[in-house]
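The letter at position 276 of the sequence shown is residue 276 when you use UniProt numbering, and the numbering goes up by one with no holes. Even glycine gets a Cβ: it sits at the ideal position worked out from N, Cα and C. Beneath this line is the structure, given in structure tokens, with notes to follow.
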Amino acid sequence: MPDTYLPSLNHAASHVAHDAVQAASNWVSGSSSTDLTNSAAVGAQDDFDALQYVDPLIGSRNGGNVFVGATLPYGMAKASADTNSSSNQGGFTLDGNPVTGFSTMHDSGTGGQPSLGNFPLFAYTTCPSGVINWCTFPKKSRAKYGYFNQKDVIAKPGLFNITLKTGIRVEMTTTERASLIRFNFPQAGQPLILQDLSDLGDTRQDNATINVDAKSGRITGNARFQPSFGSGTFVLHFCTDFNGAEILDTGIFADSRASTEVKNMTISRSINGYPLPGGAFVRFKSADQPITARVATSFISEERACEHAEGEISDYNFERVSGEATAIWRRKLSPIKINTDRVDESFARNFYSGIYRTMVNPQNYTGENPLWKSDEPYWDSFYCLWDSFRSQIPFLVIIDPTSVAQMVRSLIDTYVHLGWLPDCRMSLCKGLTQGGSNADNVLADAYLKNITEGIDWDLGYEAVKKDADEEPFDWSVNGRGGMDSWKKLGYIPVQDFDVKGFGTLTRSVSRTLEYSYNDFCIASMADRMGHGDDREKYLSSSSNWRNLYRQDQKSAFFNGTDTGFRGFFEPKFLNQTWAYQNPLNCSNLDGQSSCSLQNNGPETFESSLWEYGFFVPHDQGTLINTLGGPDAFVRRLNFLHDQNITYIGNEPAFLTVFQYHYAGRPALSARRAHFYIPSFFSPDPAGLPGNDDSGAMGSFLAFSMMGLFPNPGQDVYLIIPPFFESIEITHPQTGRTAKVRNINFDPQYRNIYIQKATLNGQPYRKSWVDHKFFTEGQELVLTLGRRESDWGTRVQDLPPSLGPYLGFNRTFPSNRTSTRIVDTGVVDTTYKSEFGHTGADLNV
1 MPDTYLPSLN HAASHVAHDA VQAASNWVSG SSSTDLTNSA AVGAQDDFDA
51 LQYVDPLIGS RNGGNVFVGA TLPYGMAKAS ADTNSSSNQG GFTLDGNPVT
101 GFSTMHDSGT GGQPSLGNFP LFAYTTCPSG VINWCTFPKK SRAKYGYFNQ
151 KDVIAKPGLF NITLKTGIRV EMTTTERASL IRFNFPQAGQ PLILQDLSDL
201 GDTRQDNATI NVDAKSGRIT GNARFQPSFG SGTFVLHFCT DFNGAEILDT
251 GIFADSRAST EVKNMTISRS INGYPLPGGA FVRFKSADQP ITARVATSFI
301 SEERACEHAE GEISDYNFER VSGEATAIWR RKLSPIKINT DRVDESFARN
351 FYSGIYRTMV NPQNYTGENP LWKSDEPYWD SFYCLWDSFR SQIPFLVIID
401 PTSVAQMVRS LIDTYVHLGW LPDCRMSLCK GLTQGGSNAD NVLADAYLKN
451 ITEGIDWDLG YEAVKKDADE EPFDWSVNGR GGMDSWKKLG YIPVQDFDVK
501 GFGTLTRSVS RTLEYSYNDF CIASMADRMG HGDDREKYLS SSSNWRNLYR
551 QDQKSAFFNG TDTGFRGFFE PKFLNQTWAY QNPLNCSNLD GQSSCSLQNN
601 GPETFESSLW EYGFFVPHDQ GTLINTLGGP DAFVRRLNFL HDQNITYIGN
651 EPAFLTVFQY HYAGRPALSA RRAHFYIPSF FSPDPAGLPG NDDSGAMGSF
701 LAFSMMGLFP NPGQDVYLII PPFFESIEIT HPQTGRTAKV RNINFDPQYR
751 NIYIQKATLN GQPYRKSWVD HKFFTEGQEL VLTLGRRESD WGTRVQDLPP
801 SLGPYLGFNR TFPSNRTSTR IVDTGVVDTT YKSEFGHTGA DLNV
């Protein structure tokens, strides 16, 4: 592996004196025992089918908010039942709430308000006594007919089935833009299927229209809606046809009244500001055979929606469509194979279900963008890059680089036509920016890993450079704010005086830290592209995080007990005097603060100063030295996790699981990963610790279990033993297969520490690999044991850092109480982690 971050930036080992390197090489483990046994190499099975391990229902309860229904990878059509739940952001939930409809547009894993769920259908076996107005039409009123038992729900990639307690069984499958919804009725009658003009969040605006053809039963219409986490509105059109039974009559309903005489309607919002229920229905003469609805949507027109339906599903053949969807998913999941012989099946289900969720969002809307004309791809539902830059998109860089290239082209094309790269985007609308300009990180990650297919990287560099140099008027939805202060002061002040643009004047600390990392990512691109002056400029501003570090800042629990740690990031005013935020505010221990985008909100976004205290992904060497050295860093990191200050259900926690690598303790990263998996991730409906966030949780899980975790925006993957005896990753473009194999693999996970390693048959001491591991199909063999060893602990073994690694001339004592050095020079021996390795922490 190369020893450089950037071509001109030496690996951190070059920063240390020769004697320090020699001392580091003399590290020894707390025990000489390696607990080794002979173990034969076992590869992934040749006939392996990953699809058998995918469970889309994982995360459908307890706030996972996943989309569980039928879709294709990145497909626009997403067909699912929708429930009347406060957690129905993804449509369907397994929390006991009833179904209110079946719709074909969704996002997955998002927080905030429900997303999409437009134009749902609902069915009745018959209207009481055959009277049309005795059927229940409004969405909330009809929920009483939507109850179901969990055992009657089946979800597989490309297929979703549910049987309601009314006896109606509903089956759903999709193509790229169209869906089939097959209704199976339990008894004779004159079934009615309605379609209304609502969405999950009841956000319909202005006037909506709907038409039903009396002869064919085709329903068409459109409505204007609001996005769930952004500004503006969007218009969506639909086209629905039916097959399987002869039509009895058709009509329109408004509120709770229906008419077979009226065939079209324009409906406005009601007088109280909420959308007035309305839609159309088709009633059939009999229920002897299943009745299939074919639904397609379009952001362009009703005609385009009908073209999607007729072009993609011409014959209503449900088995053919669902079979093709299954085959597509099988191909998408095929690059990664694991050996499942000696592990509990739940681990394989966890792993592949996580991978599956990484390919539900974002969504390929190419050809469906009415906002500008372009030959470039258009992708949507980047919801949001603050969540997905950390692991989701880096995961797709490995297993689906062609799709990532299309995403990058779409992001750049959005810059071309709207002037800025998006940080968040959904339903053709600008989403809210949560922190930095994180498309910069996404582009840098793709560029450094040689994603090139069709990408104009000069234009991409122009886009990220604009993020770093200029300020948009509406920086709440793109770009960065406070750029005058950033350039003059080197940080974002509390309540910044910003005359160039508008946005929520909060999150000054987290924005400063994120802007610093954004600039490092841009510097990485500048370096490789030969822009030397830009490289120096952005490397300089990437160190702005230092300007908010307050060495003497204390931290106390909410009961007043001192944590014993000193030195935290803190906000500053414009006049460069310190402001104050409790370092534990917005932590997992804080049940009071609102830490999103509220006015007068905190100076960190969705995370505490404790957690943001580790967010310097590019300069861990300098950060570790700032916090007192590697031993103090490890104890602080342990405290963050052991005291539940962080929460693994939120993305800022991801990298902290693996930051032990930078302190020369990769064994502790392995143990911390096992601390969270499977305790916080399990293959059941309540199995996610938080919102899946468009596959962010799924990708964290997949990377962790794969044993190679990225530091996103950098060509670095941190090594821990995979959770399986062996794993193979075939690169879709080069066709070469990377392999990781564990010797002495223990399915009880007692042997989780690397004793030694080889890369392509040669001894390998570094605790990281780069992207060529995947593209060249390299082989990593890890010999495991029960004790922490000295593998990956020398300075020259550590992952790259912009600044030097200092103070690494420690040794592992046998057994002792942990000590902690704080920046004031005071040594505190009161905190002893219950988490640490067998043996003891580093000597001080």
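8 Å CB neighbourhood of residue i in its chain, flanking five on each side removed
i	result
Gln576	Leu489
Leu627	Gly567, Gly613, Phe633, Arg636 and Asp823
Asn450	His771 and Thr775
Thr656	Glu611, Phe614, Leu637, Leu640, His641 and Thr646
Phe573	Pro493, Val494, Gln495 and Ala579
Trp329	Leu51, Val54, Leu72, Pro73, Pro157, Gly158 and Tyr356
Cβ-based burial, residue i [other Cβ within 10 Å; buried from 16]
i	result
residue 875	Absent from the model: residue 875. The displayed extent of the chain is 1 to 844, so no value can be given.
Asn600	exposed
His641	buried
Tyr538	buried
Asn317	exposed
Arg283	buried
Asn760	exposed
Arg736	exposed
Asp519	buried
Thr402	exposed
Thr817	Because the pLDDT at Thr817 is just 32, under 50, the model does not fix this residue reliably, and the point stays unresolved.
Gly707	buried
Trp372	exposed
Gly69	buried
Lys430	buried
Tyr660	buried
Asp533	exposed
Contacting residues, own chain, Cβ-Cβ under 6 Å from residue i (five flanking each side not counted)
i	result
Gly621	Ala12, Ser801, Gly803, Pro804 and Tyr805
Arg169	Thr163 and Asn184
Thr340	Ala348
Ser381	Asp107, Asn361, Pro362, Gln363 and Met426
Tyr124	Cys135 and Leu192
Asn742	Pro721, Glu725, Leu782 and Leu784
Asn711	Pro617
Ser14	Confidence at Ser14 is low in this model, with a pLDDT of 33, below 50, so its placement is unreliable and the value that follows should be read with caution. Closer than 6 Å at the Cβ level, and outside the excluded window around Ser14, lies no residue.
Cys521	Asp440, Asn441, Ala444 and Gly713
Pro128	Trp134
Residue i versus the options, residue with shortest Cα-Cα distance
i	options	result
His308	Cys239, Arg787 and Ala287	Cys239
Leu623	Tyr717, Asp445, Ser704 and Arg546	Arg546
Ala77	Gly101, Pro712 and Asn118	Asn118
Leu51	Ala325, Val212, Ser381 and Pro689	Ala325
Leu688	Phe48, Gly63 and Asp49	Gly63
Ser301	Thr220, Asp474, Asp199 and Ile719	Thr220
Ala79	Tyr461, Gly454, Ser286 and Val295	Val295
Gly479	Leu411, Ile719, Thr452 and Val494	Leu411
Phe229	Ser256, Gly201 and Gln205	Gly201
Val464	Ser510, Asp413 and Phe473	Asp413
Thr433	Leu701, Thr126, Ile729 and Glu606	Glu606
Ser485	Ser476, Val477 and Glu471	Glu471
Whole-Å CB distance - residue i paired with residue j, under 8 Å assumed
i	j	result
Phe569	Thr563	Between Thr563 and Phe569 the Cβ distance is about 15 Å, and since that is not below 8 Å, they are no contact.
Leu248	Gln190	6 Å
Gly698	Thr358	5 Å
Ala236	Ala223	Before going further, note that residue 236 is Leu rather than Ala in the sequence given. Contact holds; Cβ gap of about 7 Å.
Leu597	Val509	The Cβ separation is near 15 Å, so there is no contact.
Asn691	Asn88	Actually they are not in contact, since the Cβ atoms of Asn691 and Asn88 sit about 13 Å apart, beyond 8 Å.
Leu197	Gly279	5 Å
Lys337	Phe709	Rounded, the Cβ-Cβ distance is 19 Å, inconsistent with contact.
Neighbourhood of residue i by C-beta distance below 7 Å, restricted to the same chain and skipping five residues each side
i	result
Pro602	Thr506, Gln581, Asn585, Cys586, Ser593 and Cys595
Tyr749	His674
message: Taking contact to mean 3 or more Cβ pairs, one atom from each stretch, closer than 8 Å, check whether the segment 781-797 and the segment 652-671 are in contact.
response: Judged by Cβ distances under 8 Å, the segment 781-797 makes contact with the segment 652-671, as three or more pairs qualify.
- request: Check whether the segment 142-158 touches the segment 319-327, counting contact only when three or more Cβ pairs, one atom from each stretch, lie closer than 8 Å.
  value: Counting C-beta pairs with one atom in each stretch, the segment 142-158 and the segment 319-327 have three or more that are closer than 8 Å, which means they touch.
- prompt: How do the segment 338-355 and the segment 210-221 stand: do at least 3 beta-carbon pairs fall below 8 Å, yes or no?
  reply: Contact between the segment 338-355 and the segment 210-221 is absent, because fewer than three Cβ pairs lie under 8 Å.
message: Would the segment 759-773 count as touching the segment 579-591 if we require 3 or more Cβ pairs under 8 Å?
response: As far as the Cβ criterion goes, the segment 759-773 does not touch the segment 579-591, which means the pair count is below three.
query: Do the segment 88-104 and the segment 380-398 touch if we need at least three Cβ pairs shorter than 8 Å?
result: They do not touch, by the three-pair rule.
query: Are the segment 391-410 and the segment 434-445 in contact at 8 Å, needing three or more beta carbon pairs?
result: Yes, since at least three Cβ pairs between the segment 391-410 and the segment 434-445 fall closer than 8 Å, the two stretches touch.
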